[in-house]
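Numbering (mature numbering (1 follows the signal peptide of the UniProt record, and there is no 0)), first residue to last: -21 to -1, 1 to 130.
Listed below in structure tokens is the structure:
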């Protein structure tokens, strides 16, 4: 939650700075699916409330079923702000229209202040792959998002 509020402060500051030039009447906050819509919206309501209070602008939560919906929302100017987007999604938007997306903040790890994207490797408990060294020989570069889309 601290990360989310820290990012919210950074976003609010950036928006407040830009608000002097052209103040929007409302902000459409795109959130990513993964849970049921009601829970997802409820989990992000604190961000909308924060932006409402800090910017004095109505913030609408736009729940998206997947990353592609958020990408299309940003490209089609239906979504103004997304918190916690994957690097792949950011790159896809930027390659289609560099003006459609701007990086405001990067998540920082609370333990060592490192920045970036974390990868996780999962293997079955009974797998012969027990060390990273073994995996390097048999490495396949298939993102989880691609695996999930297969189901």
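Quick reminder that beta carbons are idealized off the backbone N, C-alpha and C, glycines included.
Local Cβ density within 10 Å of residue i, reported as buried at 16 or more and exposed below that
i           : result
residue 30  : buried
residue 42  : buried
residue 155 : What is shown of the chain runs -21 to 130, which leaves residue 155 out entirely.
residue 90  : exposed
residue 108 : exposed
residue 111 : exposed
Beta-carbon proximity list for residue i, same chain, < 8 angstroms, skipping 5 on both sides
i          : result
residue 69 : 80 and 82
residue 53 : 9, 61, 72, 79 and 80
residue 6  : -7, 30, 34, 36, 37, 38, 39, 59 and 60
residue 24 : 40
Span of the beta strand (DSSP E), counted from its first residue to its last, around residue i
i           : result
residue 132 : Past the edges of the chain, shown from -21 to 130, lies residue 132, and the structure says nothing about it.
Assigned secondary structure, residue i (DSSP; H/G/I helix, E/B strand, else coil)
i           : result
residue 5   : strand
residue 61  : strand
residue 82  : coil
residue 72  : helix
residue 108 : coil
Residues near residue i by beta carbon distance below 6 angstroms, same chain, minus five either side
i          : result
residue -5 : Any reading at residue -5 needs caution, since the residue's pLDDT is 48, under 50, leaving its predicted position unreliable; the model's value is listed next. Excluding sequence neighbours, residue -5 sits near nothing in its chain.
residue 17 : none
Nearest neighbour of residue i, chosen from the options [CA to CA]
i          : options            : result
residue 4  : 20, 18, 35 and 26  : 35
residue 65 : 45, 28, 107 and 18 : 45
residue 50 : 20, 75 and 18      : 75
The alpha helix (DSSP H) enclosing residue i, as first and last residue numbers
i          : result
residue 52 : 46 to 54
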